[in-house]
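Just so we're aligned, residue 33 is where the sequence shown starts under our numbering, counting upward by one.
Beta carbons are placed, not taken as given, at the ideal position from N, Cα and C, and that holds for glycine.
Let me begin by presenting the structure, written as structure tokens, before commenting on it.
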Amino acid sequence: MSQVTTRRRALRPSGKLLQEDARRHHRALILQQLFGEGPASRADLARSTGLTRVTVSDLIAELIEDELLAELGAPAETRVGKPPTLVGLREDATHIVTLDLSVDDRLTGAVVTLGGTVTHRDEQELAGAKGEAAVALLHTLTRRLVEATGARVLGIGVGSPGIVDDAGTVVDAPNLGWSDVPLAAGLHAAFEVPVYVANDANTAVLGEHTFGESGEGGLMLLRVGTGVGAGLVLEGALLHGHHGAAGEIGHVVVDPAGEQCACGRTGCLETVVAVPHLRRRVEASNEPAKELTAVGEQLGAVLAPVVGTLNLHELVLTGPAELLDGPLLTAVDTVIRQRTMPVTGERLVVRTSRLGDDVVLLGGAVLVLAGELGVS
Ligand SMILES: [Zn+2]
33 MSQVTTRRRA LRPSGKLLQE DARRHHRALI LQQLFGEGPA SRADLARSTG
83 LTRVTVSDLI AELIEDELLA ELGAPAETRV GKPPTLVGLR EDATHIVTLD
133 LSVDDRLTGA VVTLGGTVTH RDEQELAGAK GEAAVALLHT LTRRLVEATG
183 ARVLGIGVGS PGIVDDAGTV VDAPNLGWSD VPLAAGLHAA FEVPVYVAND
233 ANTAVLGEHT FGESGEGGLM LLRVGTGVGA GLVLEGALLH GHHGAAGEIG
283 HVVVDPAGEQ CACGRTGCLE TVVAVPHLRR RVEASNEPAK ELTAVGEQLG
333 AVLAPVVGTL NLHELVLTGP AELLDGPLLT AVDTVIRQRT MPVTGERLVV
383 RTSRLGDDVV LLGGAVLVLA GELGVS
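This is the structure in structure tokens:
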């Protein structure tokens, strides 16, 4: 039970609470409690949320009506008198459609329950499609996913490569040939449910924060794929940055004499760590472990100032395990500790994610859970 508790912590609301948002906020308090701690009685919920019994009963009636909660009967150990009825999250009645657009050559999607269980998967080959053609294939895949769930769809969550603004417009995603594509608006018009689109690394770090093994404290997730990007959850909130591009570490130059990068510069981190480069280097070598260690050392040197500056608790690498989980991870860990103060390394955890390839899909579900229910 305690593991469930540590796995699901609320993200701090980033805006000021308006008076008219109070009811929504109170609903979120109850849902977050049940999401994080499991079923509870109305009296327990009043105690843990600080709301009155009347307010709790009122909101629970509304949430049962909305098919988000269900009465589960009395707990097993009944004491003297009438046992309290437990209420819990109703995972079957409402589903989330989630999409990961960051995989090379294909779009992947899933139907996910409110509790983060994947009930259905599907994918769509891109076959080189870019621009409007890629948007059309995204709509095709989304339609199949919506049709596959027999349940009400709470919303659609999308993790897209590139820079994504607050309105869910993909400002720039070279791999998909997208520039100012209003992805959220287009999907919302087609499917008439709430749509949330975020950068894939930001989506992934939310997936790890809610459904992974992350503890308290700053979390940085580095995604190693066709490109390289990072997402950060600091002090309980996703870091957006001044221009919505926080975590864009892939195009920091690490070797001015290095390879040409797709962005036009030379020797970006991506030219060293992105999967195609990494794979080529390992395949060309007689000593692959040595190559992975060298890359890990270079990556550690780039990340050390970030980890030290932010005093992060966890650094999570996601991508192909056969490349990342071994000499590379060990070298990253070692170099960061060598290059930062002891206090930085003391509680630092450098690891891979047990969510594997699902980290963006589950993050897409968190975008919807957080946006619609205030739960994360
Ligand atoms: Zn670059």
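The region 367-378 in contact with the region 335-350 per 3-pair CB rule at 8 Å:
As far as the Cβ criterion goes, the region 367-378 touches the region 335-350, which means the pair count is three or higher.
Return the first residue and the last residue of the alpha helix (DSSP H) that G68 is part of.
Here the alpha helix (DSSP H) through G68 covers A54 to E69.
For the alpha helix (DSSP H) containing L356, name the first residue and the last one.
Taken as a continuous stretch (DSSP letters only), the alpha helix (DSSP H) holding L356 covers A353 to L356.
Short Cβ contact (7 Å threshold) for T140 with D132:
For the 7 Å CB-CB criterion, T140 and D132 form a contact.
Quick check on the contact list: which residues have their beta carbon closer than 6 Å to a heavy atom of ligand 1?
That gives H283, C293, C295, R297, C300 and E302.
Would you identify the three-state DSSP class for R39, choosing helix, strand or coil?
Because the pLDDT of R39 is 41, which lies under 50, any placement of that residue in the model is unreliable, and the number read from its coordinates should be weighed accordingly. The DSSP-derived three-state label of R39 is helix.
State buried or exposed for P206, treating a residue as buried only when at least 16 other CB atoms are found within 10 Å of its CB.
The residue is exposed, with fewer than 16 neighbouring Cβ atoms inside 10 Å.
Kindly give me the distance between the Cβ atoms of E346 and V381, rounded to whole angstroms, as I take these residues to be in contact under 8 Å.
At roughly 5 Å, the Cβ-Cβ gap stays under 8 Å, so E346 and V381 are in contact.
Residues of its chain near A277, where Cβ-Cβ distance is below 7 Å and the 5 sequence neighbours each way are ignored:
Excluding residues within five positions, the ones whose Cβ falls inside 7 Å are I195.
Give the single residue among S408, E302, D390 and A402 whose Cα lies nearest to the Cα of T151.
The shortest Cα separation from T151 among S408, E302, D390 and A402 belongs to D390.
Contact belief for G403 with G187 at Cβ below 8 Å, rounded distance in angstroms:
About 7 Å; that satisfies the 8 Å criterion.
Out of curiosity, what's the CA-to-CA distance linking P116 and A54?
Counting only the Cα atoms, A54 lies some 27 Å from P116.
Would the region 222-238 count as touching the region 316-336 if we require 3 or more Cβ pairs under 8 Å?
Not touching, per the Cβ criterion.
When burial is assigned at 16 or more other CB atoms within 10 Å of the CB, is L77 buried or exposed?
It counts as buried.
My output table needs one value for L158: the three-state DSSP class, helix, strand or coil.
DSSP, reduced to helix, strand and coil, places L158 outside both helices and strands of the structure shown, so it counts as coil.
Give the single residue among V367, G147 and V129 whose Cα lies nearest to the Cα of E155.
Residue V129 holds the alpha-carbon nearest to the alpha-carbon of E155 among V367, G147 and V129.
Assuming F67 contacts V407 under a Cβ cut-off of 8 Å, what Cβ separation, rounded to an integer in Å, is found between them?
So it is a contact: roughly 5 Å between Cβ atoms.
Leaving out five residues before and five after T376 in sequence, what residues of the same chain have Cβ atoms less than 7 Å from its Cβ?
So the qualifying residues of the chain are V339, G340 and N343.
Less than 7 Å between the C-beta atoms of E99 and A125, yes or no?
Closer than 7 Å, so yes.
Three-state class that DSSP yields for V307 in the structure shown
Under the three-state reduction of DSSP output, V307 falls in the helix class.
For R474, count the other beta carbons within 10 Å of its own beta carbon; 16 or more makes it buried, fewer makes it exposed. Which is it?
The requested residue 474 does not occur in the structure, where the chain is confined to residues 33 to 408.
Is the beta carbon of L301 less than 7 Å from the beta carbon of G282?
Yes, they are a contact pair.
Which residues mark the beginning and the end of the alpha helix (DSSP H) in which G218 is found?
Judged by DSSP secondary structure, G218 falls within the alpha helix (DSSP H) whose first and last residues are L215 to F223.
V398 and L238 - do their beta-carbons sit closer together than 7 Å?
Going by C-beta atoms, L238 is nearer than 7 Å to V398.
Taking the alpha-carbon of V178 as reference, which of R153, A161 and C293 has the nearest alpha-carbon?
Looking at the Cα atoms, R153 is the closest of the given residues.
For I62 and L394, I'd like the C-alpha separation in whole angstroms.
Between the C-alpha atoms of I62 and L394 there is a straight-line separation of about 22 Å.
Can you list the alpha helix (DSSP H) stretches of 4 or more residues lying completely in the region 324-382, in chain order?
You should have 353-356, 359-371 and 374-378.
Checking 7 Å against the spacing of the C-beta atoms, do T258 and D136 come in under that value?
Against a cut-off of 7 Å, the Cβ pair of D136 and T258 comes out as a contact.
Please say whether A262 and L208 have beta carbons closer to each other than 7 Å?
When the beta-carbon positions are compared, L208 and A262 stay at least 7 Å from each other.
Label P193 either buried or exposed according to how many other C-beta atoms from any shown protein chain fall within 10 Å of its C-beta, with 16 as the threshold for buried.
Burial call: buried.
Here's the rule I'm using: 16 or more other beta-carbon atoms within 10 Å means buried, otherwise exposed. How should E240 be labelled?
Residue environment analysis places E240 among the buried positions, since at least 16 neighbouring C-beta atoms fall within 10 angstroms of its C-beta.
Would R255 be called buried (16 or more neighbouring beta carbons within 10 Å of its own) or exposed?
With 16 or more Cβ atoms within 10 Å of its Cβ, R255 is classed as buried.
For the alpha helix (DSSP H) holding N234, just list the boundary residues, first then last.
For N234, the enclosing alpha helix (DSSP H) stretches over residues D232 to F243.
Over what stretch of residues does the beta strand (DSSP E) that includes D136 continue unbroken?
D136: not part of any beta strand (DSSP E); DSSP gives it neither H nor E.
Can the beta-carbon of H127 be found less than 7 Å from the beta-carbon of T181?
The Cβ-Cβ distance between H127 and T181 falls below 7 Å.
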